[in-house]
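Visitor:
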Amino acid sequence: MRLWGTSEGSSLDPAFERLNASLPFDRRLYPQDIRGSIAWARALARAGLLTPEEYHAIVAGLEAVKTELDTGAFTFHPTDEDIHTAVERRLTECIGPAAGKLHTGRSRNDQVATDLRLFLMEAWPRLDEGLRELEEALATQAEAHLDLLMPGYTHLQRAQPIRYAHWCLAHAWAFERDRARLRDAYPYLATLPLGSGALSGTPFPVDREALARELGFLSVSPNSLDAVSDRDFVAEFLFIAAMIGVHFSRLAEDLILFASAEFGFVALDPAYTTGSSLMPQKRNPDALELARAKAGRLVGHLMGFLLVLKGLPSGYNKDLQEDKEPVFDAVDTLEALLAVLPGLVRTMQPRPERMRSALEEAMLATELADYLVRKGVPFREAHRAVSGLVEESLREGKPLSALPVEAMRRHHPAFDSDVYAALDSEAAVERRAILGGTARGAIEAQIQALRARWAT
Ligand code: ARG
Numbered sequence: 001m002r003l004w005g006t007s008e009g010s011s012l013d014p015a016f017e018r019l020n021a022s023l024p025f026d027r028r029l030y031p032q033d034i035r036g037s038i039a040w041a042r043a044l045a046r047a048g049l050l051t052p053e054e055y056h057a058i059v060a061g062l063e064a065v066k067t068e069l070d071t072g073a074f075t076f077h078p079t080d081e082d083i084h085t086a087v088e089r090r091l092t093e094c095i096g097p098a099a100g101k102l103h104t105g106r107s108r109n110d111q112v113a114t115d116l117r118l119f120l121m122e123a124w125p126r127l128d129e130g131l132r133e134l135e136e137a138l139a140t141q142a143e144a145h146l147d148l149l150m151p152g153y154t155h156l157q158r159a160q161p162i163r164y165a166h167w168c169l170a171h172a173w174a175f176e177r178d179r180a181r182l183r184d185a186y187p188y189l190a191t192l193p194l195g196s197g198a199l200s201g202t203p204f205p206v207d208r209e210a211l212a213r214e215l216g217f218l219s220v221s222p223n224s225l226d227a228v229s230d231r232d233f234v235a236e237f238l239f240i241a242a243m244i245g246v247h248f249s250r251l252a253e254d255l256i257l258f259a260s261a262e263f264g265f266v267a268l269d270p271a272y273t274t275g276s277s278l279m280p281q282k283r284n285p286d287a288l289e290l291a292r293a294k295a296g297r298l299v300g301h302l303m304g305f306l307l308v309l310k311g312l313p314s315g316y317n318k319d320l321q322e323d324k325e326p327v328f329d330a331v332d333t334l335e336a337l338l339a340v341l342p343g344l345v346r347t348m349q350p351r352p353e354r355m356r357s358a359l360e361e362a363m364l365a366t367e368l369a370d371y372l373v374r375k376g377v378p379f380r381e382a383h384r385a386v387s388g389l390v391e392e393s394l395r396e397g398k399p400l401s402a403l404p405v406e407a408m409r410r411h412h413p414a415f416d417s418d419v420y421a422a423l424d425s426e427a428a429v430e431r432r433a434i435l436g437g438t439a440r441g442a443i444e445a446q447i448q449a450l451r452a453r454w455a456t
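Under this note's numbering, the sequence shown has 241 at position 241, and the numbering climbs by one with no breaks.
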């Protein structure tokens with residue numbers, strides 16, 4: 001029995017029925033649907049629309065339906081179009097006509113928007129916790145190897161020495177911004193649409209504020225027509241998910257490079273790599289490759305759903321049923337990656353000798369320019385002089401520190417015998433003691449700042 005129309009109504013083309021049904025994917029909203037319905041029943045009872053007996057029968061019935069769904073005892077019916085109709089159909093079977101009062105003043109339009117918001121409100125802390133765990137793994141790596149130097153890159157060319165910890169924390173800060181994005185978006189997400197009816201508001205004196213408090217919402221939607229059409233919270237979530245996915249992909253790409261024989265900066269724990277079926281010597285970074293790839297699908301969900309929303313007329317349209325699959329898939333994708341990446345990061349081993357041998361002296365050319373700057377030489381002039389010097393060292397096949405001071409003086413008279421002290425990676429990173437720099441103290445300050453944020 002359908003919840004709309006009359007039983008004599010003409011039947012639907014079965015293929016259309018399958019297209020129209022959202023049950024195959026929205027059945028996972030049943031816990032939120034039942035929570036929302038119990039709260040709605042209470043609101044109706046408070047408004048005098050249900051007798052205490054009817055109210056208790058509805059709540060007991062909904063709880064019984066929930067148990068059936070929890071245990072797998074629930075049998076879906078071919079005419080169950082979505083989870084909302086399935087739950088109500090079963091409630092009617094369980095408690096009889098009183099079930100028919102539950103939908104008083106409510107529409108599936110405000111109901112489905114409420115359910116999906118509740119679903120994401122529950123996912124939020126899990127995502128936040130997963131991101132924090134990943135940040136912690138990165139910070140633990142940083143702390144365990146504070147004095148390890150490696151090349152920092154621009155254009156994927158060796159640029160300047162940095163601490164390995166600085167690289168670890170660079171990724172941690174990106175995830176910290178993602179956590180902040182979740183926090184900022186939460187008040188919009190936690191806005192209650194229930195009580196909006198189909199589009200114009202419920203005509204019964206339901207206390208929406210109490211309903212919001214009971215369901216954990218922070219506020220109540222101010223316009224019923226907006227409330228049933230608004231899927232900004234979905235688009236915002238999908239953006240945050242896409243951003244996290246992009247951050248995963250960048251971390252993954254760094255690590256795929258670093259774990260390659262060519263770089264050899266880190267060794268991944270074998271628990272996160274696979275062997276080759278053909279080449280016995282290979283370990284493939286599949287976990288990281290998948291982390292890199294999933295960004296594509298997350299970005300796709302955002303793009304796809306924005307296009308669903310574009311140009312929709314006011315009010316509920318069936319197009320909005322397309323909101324659920326991207327939401328579920330984005331949550332599942334993020335959770336699957338967050339279950340793996342913290343462990344992968346925690347267990348990877350940096351390889352100090354490989355990092356050290358990649359710290360070629362040419363990366364200290366900037367230090368020579370800065371040396372001249374400290375002697376009062378304008379930076380542009382210093383840069384020109386050092387460029388000449390670097391060219392000479394390449395031509396001669398000698399490292400910069402092997403050039404005698406007289407040779408250096410030919411490029412700029414301000415060079416002196418104290419110049420060799422500038423050609424030291426350790427000293428170079430320690431000079432970056434500025435806030436946000438790569439000196440040891442600046443790194444420790446970053447770790448403290450991250451910890452302070454986790455504590456809030
Ligand atoms: N299954 C629908 C959805 O997911 C529920 C809302 C149906 N509302 C309607 N007026 N047909 O969007």
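Ideal Cβ positions, reconstructed from N, Cα and C, are used throughout, including at glycine.
Say the cut is 7 Å; is the CB of LEU49 nearer than that to a heavy atom of the ligand ARG?
Guide: LEU49 Cβ: outside cutoff for every heavy atom of the ligand ARG.
Visitor: For LEU450 and ALA291, what's the separation of their Cα atoms in angstroms?
Guide: Computed Cα separation, rounded: 24 Å.
Visitor: Leaving out five residues on either side along the sequence, give the residues of the same chain with a beta carbon under 7 Å from the beta carbon of ASP110.
Guide: If we look at ASP110 and ignore the five residues flanking it on each side, its Cβ neighbours are PRO193, LEU194, GLY195, SER196, GLY197, ALA227 and VAL228.
Visitor: Would you mind stating whether LEU251 and ALA259 have Cβ atoms separated by less than 8 Å?
Guide: No, Cβ-Cβ distance for LEU251 and ALA259 is not below 8 Å.
Visitor: Exposed or buried, which one is VAL266 when buried takes at least 16 other CB atoms within 10 Å?
Guide: The residue in question, VAL266, is buried, as its Cβ has 16 or more Cβ neighbours within 10 Å.
Visitor: Start and end of the alpha helix (DSSP H) containing ILE34?
Guide: Here the alpha helix (DSSP H) through ILE34 covers 30 to 46.
Visitor: Out of curiosity, what's the CA-to-CA distance linking SER276 and ALA21?
Guide: C-alpha separation (whole angstroms): 43 Å.
Visitor: Please report the distance separating the alpha-carbon of ALA385 from that of MET303.
Guide: Cα-Cα distance, rounded: 50 Å.
Visitor: Between the alpha carbons of PRO326 and PHE175, how many angstroms are there, rounded?
Guide: Cα to Cα, PRO326 sits roughly 22 Å from PHE175.
Visitor: Evaluate PRO161 with the Cβ neighbour count: other Cβ atoms within 10 Å of its Cβ, from every protein chain shown; 16 or more gives buried, anything less gives exposed.
Guide: Looking at its Cβ environment, which holds 16 or more other Cβ atoms inside 10 Å, PRO161 is buried.
Visitor: State the Cα-Cα distance for the pair TYR371 and PHE248, rounded to the nearest angstrom.
Guide: Between TYR371 and PHE248, the C-alpha separation is close to 38 Å.
Visitor: Just to confirm, does LYS66 get its C-beta within under 7 Å of one of the non-hydrogen atoms of the ligand ARG?
Guide: No - the ligand ARG has no heavy atom lying nearer than 7 Å to the Cβ of LYS66.
Visitor: Could you give the distance in angstroms between the alpha-carbon of ILE476 and the alpha-carbon of ALA45?
Guide: The structure shown does not extend to residue 476, since the chain is modelled only from 1 through 456, so no value can be given for it.
Visitor: Alpha carbons only, please: which of ARG208, GLU129 and THR347 is nearest the one belonging to GLN141?
Guide: Of ARG208, GLU129 and THR347, the residue nearest in Cα terms is THR347.
Visitor: In its own chain, which residues sit with a C-beta less than 6 Å from the C-beta of GLY61, not counting the 5 before and 5 after it?
Guide: Correct list, in chain order: LEU91, CYS94 and ILE95.
Visitor: So which of GLU289, LEU307 and GLY152 has the shortest CA-CA distance to PHE263?
Guide: Ranking the options by Cα distance to PHE263, first place goes to GLY152.
Visitor: Entirely within the segment 182 to 264 and at least 4 residues each: give me those alpha helix (DSSP H) ranges in chain order.
Guide: Entirely contained in the segment 182 to 264, the alpha helix (DSSP H) runs reaching 4 residues are, in chain order, 208 to 215, 224 to 229 and 232 to 258.
Visitor: Can you tell me the Cα-Cα spacing of ARG297 and GLY130, whole angstroms?
Guide: The alpha-carbon atoms of ARG297 and GLY130 are separated by roughly 20 Å.
Visitor: Cβ atoms of ALA422 and MET150: under 8 Å apart, would you say?
Guide: No, Cβ-Cβ distance for MET150 and ALA422 is not below 8 Å.
Visitor: Whole angstroms is fine: what's the gap from SER219's alpha carbon to TYR188's?
Guide: Near 9 Å, if we compare the C-alpha coordinates of TYR188 and SER219.
Visitor: Where ASP26 and TRP173 are concerned, what is the direct C-alpha to C-alpha distance, given to the nearest angstrom?
Guide: About 35 Å.
Visitor: Hey, would you say the C-beta of ASP232 is under 7 Å away from at least one heavy atom of the ligand ARG?
Guide: ASP232 Cβ: outside cutoff for every heavy atom of the ligand ARG.
Visitor: Can at least three beta-carbon pairs, one atom from the segment 362 to 369 and one from the segment 331 to 346, be found at a separation below 8 Å?
Guide: With the cut-off at 8 Å, the segment 362 to 369 and the segment 331 to 346 do not touch.
Visitor: When the Cα atoms are used, what is the spatial distance from ARG208 to ARG42?
Guide: When rounded, the distance between both Cα atoms is 11 Å.
Visitor: Nearest by alpha-carbon distance to GLY36: which of SER387, LEU211 and GLY100 is it?
Guide: Looking at the Cα atoms, LEU211 is the closest of the given residues.
Visitor: Just to check, is the beta-carbon of TYR30 closer than 7 Å to a non-hydrogen atom of the ligand ARG?
Guide: Answer for TYR30: no, Cβ out of range of the ligand ARG.
Visitor: Going by Cα to Cα distance, which pick from LYS398, PRO413 and ALA439 is closest to GLY376?
Guide: When only C-alpha atoms are compared, the closest one is PRO413.
Visitor: Taking only the alpha-carbon atoms, compute the straight-line gap between LEU394 and MET408 and give it to the nearest angstrom.
Guide: Cα to Cα, the separation comes out at about 14 Å.
Visitor: Comparing C-alpha positions only, which one of LEU255, ALA382, LEU116 and ASP416 sits nearest to ARG28?
Guide: Closest option to ARG28, Cα to Cα, is LEU116.
Visitor: So, helix, strand or coil for GLN281, using DSSP?
Guide: Correct three-state label for GLN281: coil.
Visitor: Going by DSSP, what residues sit across from ALA267 in a beta bridge?
Guide: BP columns for ALA267 point to GLN349.
Visitor: Going by the beta-carbon positions, is the gap between ARG181 and ILE240 smaller than 8 Å?
Guide: In contact: ARG181 and ILE240 (Cβ atoms closer than 8 Å).
Visitor: Alpha carbon to alpha carbon, what distance is there between PRO97 and SER11?
Guide: C-alpha separation (whole angstroms): 24 Å.
Visitor: With a threshold of 16 other CB atoms inside 10 Å of the CB of HIS171, please say whether the residue is buried or exposed.
Guide: The residue is buried, with at least 16 neighbouring Cβ atoms inside 10 Å.
Visitor: With 16 other CB atoms within 10 Å as the buried threshold, where does MET355 fall?
Guide: MET355 should be labelled buried.
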